Structures are given as C-alpha cells and as structure tokens.
Amino acid sequence: MPMGSGANPFPSSSPSRPRRPARWGNRIFAFLTGAGAVILVGIVLALFVFLYLGAKQSIDTFGFRFFTISIWNPFPYNVYGIVPFLAGTLITSSVALFVAVPLSLGAAIFLTQQAPRWMRGPVAQLIELLAAIPSIIYGFWALIVLVPIMRYDIEPKLYTYLGWTGLFSGTPIGLDVLTASLVLAVMVIPTITAISRDAMAAVPISQKEAALSLGATNWEVTRRSVIPYARTGIFAGIVLGLGRALGETMAVTLVIGNSNHVPKSLFSQGQTIASGIANQFLEASSPLELSALIEAGLVLLVIALAINVGARVILGRLQTGRGVGQE
Amino acid sequence: MDGSSIKMRVQDLSAYYGKSRAIEHIQLDIPERKVVAVMGPSGCGKSTLVRCLNRIHETAPKARVEGTVLLDGEDLYALDATLVRRRVGMVFQKPNPFATMSIYNNVSAAPRFGGHYSRDEMDRIVVRSLKQAALWDEVRERVDAPATSLSGGQQQRLCIARALAAQPEVLLMDEPCSALDPLATAKIEQLISELKQEYTVVIVTHNMQQAARVSDYSAFLYLGKLIEFGPTEEVFERPKDHLTEAYITGRFG
C-alpha cells in the first residue's frame with residue numbers, strides 16, 4: 001500500500017463481512033474461463049513444438065542454407081530450400097496488395113463519402129458477404145473464368161505493351177504467378193474494403209466539418225481529414241488482407257501452375273509456401289522432403305506472426321501520435 | 328444601424344432536416360465589423376441559422392434551405408460553396424482541431440486547400456493567425472507538437488487561428504465556449520472583442536451574460552422563429568417581446 005497507513009479506511013470490508021451465496025458459481029465460472037485461456041495458449045505452444053519436431057530433420061540437414069538454397073528438388077538431389085516458395089509467396093502477396101489496396105480504398109471512400117445514403121448500407125453488406133465466400137469457390141471461378149481471360153486477352157496484351165519491363169516476359173499461358181496474384185487480390189479486396197470502410201465511417205463528423213468549414217472540397221475533406229484520421233484502421237485492414245494473402249492455399253494452388261522454381265517473371269509458373277505444402281505433403285518422396293515441408297510451414301507461421309506483431313507495434317505508435325482520448 | 332454597412336442579409340430563410348423545419352422565415356441584417364449574438368433556448372434553431380450562413384447546413388443528410396442569404400449583396404447560394412466557406416469561417420461548439428496534425432499544420436490547413444504558398448509565406452500566415460487568436464505566446468516553442476496536446480481552451484483558440492488563416496470576412500462561432508472553463512471563456516470573449524476590428528462576428532450562445540458582454544447586436548430565437556433583433560443594449564434593457572423578456576430574465580430556457 002503506497003499510503004503506508006495501517007488503519008483500514010473501509011471498515012465494512014473487514015473479514016467479518018457475511019459471505020455471499022454466489023461464491024461457488026464464481027469459482028466454477030473462473031475455472032471454466034481460465035481453462036479456456038490456458039488451453040488456447042497451450043494449443044499455440046503445442047503447434048510450435050509439433051512443427052519444430054517435424055522440421056527437425058530438415059533443420060539439422062540444411063541449417064540456415066534452407067533459406068539460401070534456391071531449388072526444391074526431391075529427385076535426384078533430395079535437396080530442399082525455401083527460396084522458390086518464399087519468392088512465390090512474397091511476389092503473389094505484393095502484387096495482390098498492389099492491385100487490391102487502391103481498389104479497396106477507392107471503394108471504401110466511395111461507400112463512406114460519395115455514394116448516396118440509401119446505397120451505402122446494402123453495398124457494404126454485400127462486400128462483407130464476399131469475404132465469406134469459401135476460397136475453393138474463388139479458385140474454381142479463377143480456373144474456369146479468369147485463366148482463359150488471362151491467357152487469351154490480358155496476358156498477350158501485357159506481353160506486347162509491357163513485355164520490355166521484364167515483368168511480363170515468357171509464355172502467357174494463364175496458369176501463372178500473375179493469375180494467382182489477381183485471385184488473391186480479389187479475395188483480399190473485401191477484407192481491406194470492409195475494415196477501411198468501418199474506419200472511415202467512424203471518423204467524427206466534427207473532423208469532416210473542420211475541413212469543410214475551411215473551404216475544402218469533398219476530395220480535400222477525404223484526403224486531409226478522413227484518411228489521416230482513419231489511417232490506423234486502414235492500415236489494420238491492409239495487414240489483415242496481407243495475412244489472408246500470405247496463407248491462402250486452395251485458390252492459389254489451382255491457378256499458380258505448381259512449379260518448384262523461382263519465378264522469372266509474372267508469367268512464370270510458381271509455388272507459394274502454402275500451395276507447395278498442399279501440393280506435395282501427401283506425396284512427399286522422402287522423410288527429408290516431408291520434414292522440409294513442415295519447416296516451410298514453420299516459416300509461414302513465423303512470417304504471419306511477425307507481420308501481426310509488427311502491425312500491432314506500428315498501430316500502437318500511430319495511436320499515440322494521434323493522442324487518443326484527448327479528442 | 329449606426330451608419331455601418333450590412334455584411335450579410337438573411338431574407339426569409341427557412342431550413343429543414345428532412346421534413347422537420349429547424350428555422351422558419353428568418354429575416355436578419357448582420358452589420359459589418361460588429362458582433363452579433365444569436366441566443367435562445369436549446370433546440371431553437373440558432374445553430375442551424377449560423378450553419379446556413381456558411382452553407383455547411385446543406386452537408387447534413389436530407390438538409391435543405393429556402394430563402395436567400397446575401398453576402399455583400401451577392402446570393403450566397405448562387406456562389407461556389409467552398410468559396411463561400413473561405414469567406415465565412417466557422418468555429419464549432421466542441422474544439423475540433425485536426426486530430427492527426429501538428430499545431431502548425433492545423434493553422435496552415437486552409438491555405439493549403441487549393442493554394443500554394445512558399446514556406447516563408449506560410450510561416451507568416453501561421454504566426455499571424457496564432458497571434459490574432461492570442462495563442463502564439465503559448466505555443467511558439469512547440470508549433471510542431473500534436474494539436475491534441477493542447478488544453479481544451481487552447482484547442483479552441485487554435486480552431487479560431489485555423490479559421491482566421493483562411494482570411495475570412497465573417498467569422499461564425501457556434502457556442503465556442505460551451506466546452507470551456509471560465510478562464511478559457513474569458514480569454515475567448517476578450518479575443519472576440521478584438522476580432523471585430525477586422526471581422527464581422529456572429530456568435531451563437533445560450534449564455535445571456537456572454538451575449539451582453541461581447542455583442543453589439545442580439546437576436547433572440549424561439550422555436551425556429553426570430554422573436555427579436557436589435558442593438559444588444561435595447562434587447563436586454565427594453566425587450567419589445569414578452570418572450571424575450573421572459574428569456575433574458577431567466578424565467579425559461
């Protein structure tokens with residue numbers, strides 16, 4: 001007690017106070033909720049232990065070279081490096097965000113600032129529904145609809161006009177890194193849109209009127225007042241979208257072309273960590289390949305956690321900068 | 328009206344939120360470089376009235392205006408709304424500095440909308456505005472600090488500085504002291520009497536002492552109607568309408 005005084009200022013809370021009858025209920029409730037928390041933490045720890053034990057053979061064999069070996073070769077070498085998968089994951093996720101972020105922010109701005117009021121609620125709900133569509137459905141759609149369009153219409157044009165950039169070289173066959181990235185973009189747009197829409201809708205009217213009263217145009221109100229105020233939420237939306245893109249398996253597996261090589265361009269066939277595991281786990285050629293796949297899973301888990309933690313740190317900073325609680 | 332010219336003329340002005348009418352058939356002349364107080368009990372439409380004077384009323388959902396407002400003889404509602412709001416600045420009830428911006432960037436916000444100024448010119452505008460708002464001495468050492476680090480009263484003066492940086496002709500103040508303590512209130516009132524050297528000020532208040540202290544003219548609104556308007560002294564000492572008299576003697580409101 002910081003006050004250091006021995007006298008009890010609240011005599012009514014002395015030990016002689018009668019016990020309340022609900023004590024047992026309280027104990028059981030505390031036990032149940034506590035058990036829930038402990039079990040959850042236990043599961044996460046168990047996950048790490050399981051992945052580490054499964055990956056041990058690969059870790060012992062390759063050590064840090066797992067991150068520098070740029071081939072995944074069961075035959076004839078029985079040598080595995082994560083570089084092809086990692087490259088595929090990072091490229092598809094970045095391209096997906098590159099496409100999805102502007103579209104999502106545009107949609108969120110439209111839905112909160114521009115659209116007629118009767119339209120805002122229903123369209124927002126529709127977009128949130130999109131986030132609930134199972135990924136295999138997106139994969140199906142991509143395979144049947146998107147791949148032919150990419151193959152016959154979009155990719156040949158990209159090749160002709162932007163081939164010189166090196167991004168779009170090679171044979172455009174539709175089943176490639178670019179198509180996988182676009183599917184991912186379609187899948188993360190609802191997430192990013194929904195969360196940044198919520199953030200923009202939560203901007204106090206007083207912040208918008210502040211800009212309006214200074215003669216700001218609609219666009220200036222959005223750019224100078226709404227977006228800065230909502231930046232924390234927008235950022236959170238982008239990170240959640242990135243999380244979904246990194247881990248997405250099914251839709252990517254269907255359209256990325258499944259080649260265990262580092263992509264040379266966006267028209268190359270490739271593999272992400274998730275699609276690589278999904279494709280090869282059941283047909284692993286050796287215990288070492290199985291172990292390497294598990295290590296790849298461990299890497300994916302660490303990346304996902306790191307992004308989450310990093311995002312929380314940045315969010316914390318942004319929030320302090322804003323001086324929450326004083327507005 | 329003691330020879331001063333009319334800055335804004337409100338003619339048969341009615342304003343609506345959807346179907347409900349907030350003010351009806353208001354007729355009011357706002358003289359140049361004077362302070363006009365708009366008073367009345369809560370919900371009488373005084374905020375709505377000033378919000379029509381810079382056309383911010385119409386940004387609310389389903390809001391609508393009938394009648395005319397003239398600014399220097401020009402129909403406000405025929406001008407571009409963003410230009411109107413540059414000429415007719417506004418300070419709100421609750422201090423609303425841009426929460427993500429520094430003190431400096433708050434004040435420079437209006438010049439940055441649409442305009443382009445060199446760093447030197449911008450510095451001059453910011454310093455002058457902060458001085459006019461009697462805030463400069465308190466923040467000169469920390470203009471890059473977040474605006475939200477200021478106290479409530481300082482934030483409100485920052486909002487005044489921000490409005491002044493747009494170089495308006497008229498300044499609307501919607502109960503600018505209602506969220507402030509008495510000391511901060513006194514500072515703002517002092518400021519208002521200085522501002523009228525250069526600006527026309529319209530201040531909404533439900534505090535009659537404040538209206539009596541700061542204003543040259545007073546308008547009394549009740550249930551959306553203008554009950555009485557005249558020189559403050561007359562309104563307070565010889566109210567023509569029994570409603571006005573009842574209000575200023577504290578019998579309701």
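Each protein sequence line maps, in turn, to chains B and A.
Position one of the first sequence corresponds to residue 1 (this note's numbering), numbered consecutively onward.
Position one of the second sequence corresponds to residue 328 (this note's numbering), numbered consecutively onward.
Ideal Cβ positions, reconstructed from N, Cα and C, are used throughout, including at glycine.
In this text the structure is predicted, and so the values were computed from the model without any measurement.
Residue from Gln207(B), Ala55(B) and Val188(B) with nearest C-alpha to Gly243(B):
Position 243 of the first sequence, counted from the first residue, corresponds to residue 243(B). Cα-wise, what sits closest to Gly243(B) is Val188(B).
Taking the alpha-carbon of His352(A) as reference, which of Glu468(A), Ser341(A), Ser545(A) and Val362(A) has the nearest alpha-carbon?
For the purposes of this step, residue 352(A) is identified with residue 25 of the second sequence, where counting begins at 1. Nearest C-alpha to His352(A): Ser341(A).
Taking Cβ positions only, does Pro388(A) come closer than 7 Å to chain B?
As a first step, residue 388(A) must be located in the second sequence, where it is residue number 61. Judged by the 7 Å Cβ criterion, Pro388(A) is in contact with chain B.
Using a Cβ-Cβ cut-off of 6 Å (strictly less than) and excluding sequence neighbours within five positions of Leu158(B), which residues of its own chain qualify?
The residue given as residue 158(B) occupies position 158 in the first sequence. Phe168, listed in sequence order.
Going along the chain, which residues of its own chain have a beta-carbon closer than 6 Å to the beta-carbon of Thr298(B), five neighbours each way excluded?
Translated into the one-based positions of the first sequence, residue 298(B) becomes position 298. Going by the sequence as given, residue 298(B) is Leu instead of Thr. The answer, listed in chain order, is Leu51 and Ala55.
Which residues in chain B sit within 8 Å of Lys421(A), going by Cβ to Cβ distance?
Looking up residue 421(A) in the second sequence gives position 94. Neighbours of Lys421(A) in chain B, taken as residues whose beta carbon is under 8 Å from its own, are Ser206 in chain order.
What residues from chain B crowd round Leu410(A), counting only those whose CB sits closer than 8 Å?
As a position in the second sequence, residue 410(A) is number 83, starting the count at 1. The contacting residues are Gly215.
Under 7 Å between beta-carbons, which chain B residues line up against Ala437(A)? List them in chain order, please.
One-based indexing of the second sequence puts residue 437(A) at position 110. Ordered by position in chain B, the residues that pass the 7 Å Cβ test against Ala437(A) are Leu214 and Gly215.
Along the chain, which unbroken stretches of the alpha helix (DSSP H) at least 4 residues long are found entirely within the region 61–131 of chain B?
83–109 and 117–130
Taking Cβ positions only, does Arg469(A) come closer than 7 Å to chain B?
To locate residue 469(A), count along the second sequence from 1; it is residue 142. For Arg469(A), the answer is no, since every Cβ of chain B falls outside 7 Å of its Cβ.
Quick check on the DSSP output: the alpha helix (DSSP H) that includes His384(A) runs from which residue to which?
On the second sequence, residue 384(A) is found 57 positions in, with the first residue counted as 1. Looking at the DSSP string, His384(A) is not in any alpha helix (DSSP H), and its letter there is neither H nor E.
Spatial neighbours of Pro156(B) in its chain, beta-carbon cut-off 7 Å, leaving aside the 5 residues before and after:
One-based indexing of the first sequence puts residue 156(B) at position 156. Around Pro156(B): Pro172.
Mind pulling the alpha helix (DSSP H) runs of 4 or more residues that sit fully within the region 138–205 of chain B?
Complete alpha helix (DSSP H) runs here, min 4: 155–162 and 177–201.
For chain A, is any of its Cβ atoms less than 7 Å away from the one on Ala210(B)?
Within the first sequence, residue 210(B) is the residue found at index 210, counting from 1. Closer than 7 Å to some Cβ of chain A, the Cβ of Ala210(B) qualifies, so yes.
Give me the residue from Ala278(B), Ile192(B), Val203(B) and Arg224(B) with the minimum Cα distance to Val101(B).
Mapped onto the first sequence, residue 101(B) falls at position 101. Val101(B) has its Cα closest to that of Ile192(B), out of Ala278(B), Ile192(B), Val203(B) and Arg224(B).
Could you give the distance in angstroms between the alpha-carbon of Ala539(A) and the alpha-carbon of Lys373(A)?
Indexing the second sequence from 1 puts residue 539(A) at position 212. Indexing the second sequence from 1 puts residue 373(A) at position 46. Looking at the two C-alpha atoms, the distance is approximately 17 Å.
Alpha carbon to alpha carbon, how far is Ala408(A) from Leu548(A)? Give it in angstroms, no decimals.
Taking the first residue of the second sequence as position 1, residue 548(A) is located at position 221. Taking the first residue of the second sequence as position 1, residue 408(A) is located at position 81. Rounded to whole angstroms, Leu548(A) to Ala408(A) spans 26 Å at the Cα level.
When the Cα atoms are used, what is the spatial distance from Phe563(A) to Asn534(A)?
Numbered from 1 along the second sequence, position 236 holds the residue referred to as residue 563(A). Numbered from 1 along the second sequence, position 207 holds the residue referred to as residue 534(A). So the alpha carbons of these two residues sit roughly 13 Å apart.
Closest to Thr512(A) by CA distance: which of Leu499(A), Glu496(A) and Gln481(A) is it?
Taking the first residue of the second sequence as position 1, residue 512(A) is located at position 185. With distances taken between Cα atoms, Thr512(A) lies closest to Gln481(A).
Span of the alpha helix (DSSP H), counted from its first residue to its last, around Ala539(A)
Start at 1 with the first residue of the second sequence, and residue 539(A) comes out as number 212. Per DSSP, Ala539(A) belongs to the alpha helix (DSSP H) from Met535 to Val541.
Exposure of Phe75(B), with buried meaning 16 or more beta-carbon neighbours within 10 Å
Taking the first sequence and counting its residues from 1, the one referred to as residue 75(B) is at position 75. Exposed, since its Cβ has fewer than 16 Cβ neighbours within 10 Å.
When we look at the beta-carbon of Val49(B) and count the other beta-carbons within 10 Å, is it buried (16 or more) or exposed?
On the first sequence, residue 49(B) is found 49 positions in, with the first residue counted as 1. Classification for Val49(B): exposed.
With DSSP as the reference, please indicate the residues paired to Ile353(A) in a beta bridge.
Translated into positions along the second sequence, residue 353(A) becomes position 26. In DSSP, Ile353(A) forms a bridge with Leu340(A).
Could you tell me the distance, in whole angstroms, from the CA atom of Ala132(B) to the CA atom of Thr179(B)?
As a position in the first sequence, residue 132(B) is number 132, starting the count at 1. As a position in the first sequence, residue 179(B) is number 179, starting the count at 1. In this structure, the straight-line span from the alpha carbon of Ala132(B) to that of Thr179(B) is close to 21 Å.
Considering only the alpha carbon of each residue, which of Phe62(B), Leu32(B), Val95(B) and Phe66(B) lies closest to Gly241(B)?
Within the first sequence, residue 241(B) is the residue found at index 241, counting from 1. Among Phe62(B), Leu32(B), Val95(B) and Phe66(B), the Cα nearest to that of Gly241(B) is on Val95(B).
Segment limits, alpha helix (DSSP H) that includes Tyr229(B)
As a working note, residue 229(B) is residue 229 in the first sequence. Where Tyr229(B) is concerned, the enclosing alpha helix (DSSP H) stretches over Ile227 to Gly247.
Does chain B have any CB closer than 7 Å to the CB of Arg413(A)?
As a first step, residue 413(A) must be located in the second sequence, where it is residue number 86. Interface residue, yes.
Consider the Cβ of Arg117(B): report whether some Cβ of chain A lies at a distance smaller than 7 Å.
Within the first sequence, the letter at position 117 stands for residue 117(B). Interface residue, yes.
State the beta-bridge partners of Arg348(A) as determined by DSSP.
Stepping through the second sequence from its first residue, residue 348(A) is reached at position 21. DSSP output for Arg348(A) lists Tyr343(A) as bridge partner(s).
Which one of Val377(A), His443(A), Lys346(A) and Ile350(A) has the shortest CA to CA distance from Glu502(A)?
Counting from 1 along the second sequence, the entry for residue 502(A) is found at position 175. Comparing alpha carbon positions, the residue from Val377(A), His443(A), Lys346(A) and Ile350(A) closest to Glu502(A) is Val377(A).
Mind checking who Asp508(A) pairs with in its DSSP beta bridge?
Residue mapping note: residue 508(A) aligns to position 181 of the second sequence, counting from 1. Asp508(A) is not bridged to any residue.
May I ask you to list the residues that DSSP assigns as paired with Gly42(B)?
Here residue 42(B) corresponds to residue number 42 of the first sequence, with the count starting at 1. DSSP output for Gly42(B) lists no bridge partner at all.
Just to confirm the assignment, what range does the beta strand (DSSP E) spanning Leu266(B) have?
As a first step, residue 266(B) is located in the first sequence; it is residue number 266 there, counting from the start. No beta strand (DSSP E) contains Leu266(B), which DSSP labels as neither H nor E.
Could you tell me which residues DSSP pairs with Arg391(A) in its beta bridges?
Taking the second sequence and counting its residues from 1, one reaches residue 391(A) at position 64. Arg391(A) is bridged to Tyr343(A).
Beta-bridge pairing of Ser545(A) - partner residues as DSSP gives them:
In the second sequence, counting from the first residue as 1, residue 545(A) sits at position 218. Paired residues: Ala364(A) and Gly557(A).
8 Å Cβ shell around Thr68(B) - same chain, five flanking residues per side excluded:
Here residue 68(B) is taken as the residue at index 68 of the first sequence, counted from 1. The answer, listed in chain order, is Gly81 and Val83.
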